[in-house]
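Notes to accompany the following structure.
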Amino acid sequence: MIELEGVPELIDPVMVAAFEGWNDAGDAASTAVAHLDREWKGEVFAALDAEDYYDFQVNRPTVFLDNGVRKITWPTTRLSVVRVGGDKPRDLVLVRGIEPSMRWRSFCNELLAFAHELGVEMVVILGALLGDTPHTRPVPVSGVTSDPDLARTMDLEETRYEGPTGIVGILQEACTHAGVPAVSLWAAVPHYVSQPPNPKATLALLNRLEDLIGLRIPLGELPEDARAWQLGVDQLAAEDSEVAEYVQTLEEARDTAELPEASGEAIAREFERYLRRREPGAGPGPGPGVATEGGDSPFLRDPGSGRTRPPKPEQPGPEAVPGAEAVPGATGENPPGEAPESGSPETEGPDGEGPGNGGTPDGDSGK
């Protein structure tokens, strides 16, 4: 029995979760939850025992000095709660951690025990995958669920994915079997610029989450960061004709695929978001921009010539994300239910480890 002393009774709570590692290309999903926690000043009320779920040779603890005293931070998953004010206040339970190394069923059961104790009405899991999508176009975000009723009522895709999966897929299925409504939101990150951070993908996930749960999310500096990121990638692409040509090919394919959609639904969604952001007292608007850090080129490099080049994925991936074909083994997964059927073959080992975020295959990004 979980006892949550000091946690008040929550109002219509929704659990929002993201995990670093295989399901977090460009760190887009974990950064989105970190943004919510920071903007709404979340208070951590629980942490899972790192000893139960993590291999410390894979996800190393870190040592730091606090007023001259050495302390250790262990890799784990933490839960915090935030209350969103307004005419109709609502609580969010934020789950942020690293994809566990072991005991996934126990891990999910522990999170579901917290959800049950807190009266969580719905679980939303954020993920990001690498795909054939140009950085110059809006980031495709797909919303999927294993619940056919939820798919119908919330205009989501019902999962048909079969293949290797990560903790996002396992947690979604655990929620379904426990009778807890669960949705996964997946952002497609350009595979040729996979190095984190990717504020444009993070922004797209937050916009989609905002539409899903009907809350206005303060975006802070994210819109400016996203613009700075795109300008930076534009400059890098312009310096290499091969990359520029490849990006143009992706743009043409994306534009052709979306042409029939001259999407009234997408326009309506944007208009609703615009109206939400005009509401008085809804919080501050975007602040001044901070350019993302420079450094090494995010493009992959040909070891023979030293030239940057866009790595073409060998196989197509999920069709759930328009214009984005997942790169198996580079993103963590063709999302588990986050994408309808695809013929994408398995290229990783059965443990589901693959470099999904420009970091290490196990998700140990040194954070």
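Those letters in the sequence shown? Residues 0 to 366, by numbering that gives the first Met the number 0.
Using N, Cα and C, we set each Cβ at its ideal position, and we do this for glycine too.
Query, Result
"So the candidates are Q194, D36, E157; which of them puts its Cα closest to the Cα of G219?", "D36"
"Find the nearest neighbour of L111 within the set Y52, I97, A173, judged by alpha-carbon distance.", "A173"
"Measure the alpha-carbon distance for K87 versus N206 and round it to whole angstroms.", "19 Å"
"With 16 other CB atoms within 10 Å as the buried threshold, where does S79 fall?", "buried"
"Closest to I124 by CA distance: which of E161, R136, T175 is it?", "T175"
"With distances taken Cα to Cα, identify the nearest neighbour of L221 among E19, K70, N22, T30.", "T30"
"On the CB-based measure, 16 or more other CB atoms within 10 Å of its CB, does V140 come out buried or exposed?", "buried"
"Which residues does DSSP list as the beta-bridge partners of T144?", "E157"
"What three-state label does DSSP hand V13 in the structure shown?", "strand"
"Tell me, please, which residues DSSP counts as bridged to T61.", "T72"
"For chain B, is any of its Cβ atoms less than 8 Å away from the one on R95?", "Of the protein chains in this structure there is only one, and it is not chain B."
"Taking only three categories from DSSP, how would you classify W228?", "helix"
"Could you pull out every residue in the same chain whose Cβ sits closer than 7 Å to the Cβ of A236, ignoring the five residues on either side in sequence?", "V242, A243, V246"
"Quick one: Cα of D210 to Cα of P7, how far?", "26 Å"
"From the DSSP output, in three-state form, read off R102 for me.", "coil"
"In whole angstroms, what separates the C-alpha of D26 from that of P195?", "6 Å"
"Throw me the rounded Cβ distance for the V122 and V179 pair, which I believe falls under 8 Å.", "6 Å"
"Mind checking P147: buried by the 16 CB within 10 Å criterion, or exposed?", "exposed"
"Less than 8 Å between the C-beta atoms of A150 and E157, yes or no?", "yes"
"Could you please give the first and the last residue of the uninterrupted beta strand (DSSP E) stretch that includes L129?", "121-130"
"Below 8 Å between beta carbons: does that hold for A33 and R82?", "no"
"Evaluate P74 with the Cβ neighbour count: other Cβ atoms within 10 Å of its Cβ, from every protein chain shown; 16 or more gives buried, anything less gives exposed.", "buried"
"From which residue to which residue does the alpha helix (DSSP H) around L47 run?", "Per DSSP, L47 belongs to no alpha helix (DSSP H) and is neither H nor E."
"Out of E38, A17, V43, W21, which has the shortest C-alpha to C-alpha gap to G5?", "V43"
"Okay, do the stretch 98-108 and the stretch 224-235 touch, 3+ Cβ pairs below 8 Å being the bar?", "no"
"Excluding sequence positions up to five away, which residues of its chain have a Cβ less than 7 Å from the Cβ of Y52?", "P99, S100, M101, R102, F106"
"Where does S367 sit, in a helix, a strand or coil, going by DSSP?", "Nothing can be reported for residue 367: it is not among the residues displayed for the chain, which extend from 0 to 366."
"If you check the beta carbons only, do N22 and G142 fall under 8 Å apart?", "no"
"In three-state DSSP terms, what is S240?", "helix"
"Pick out whichever of G126, D65, T248 has its Cα sitting closest to the Cα of W185.", "G126"
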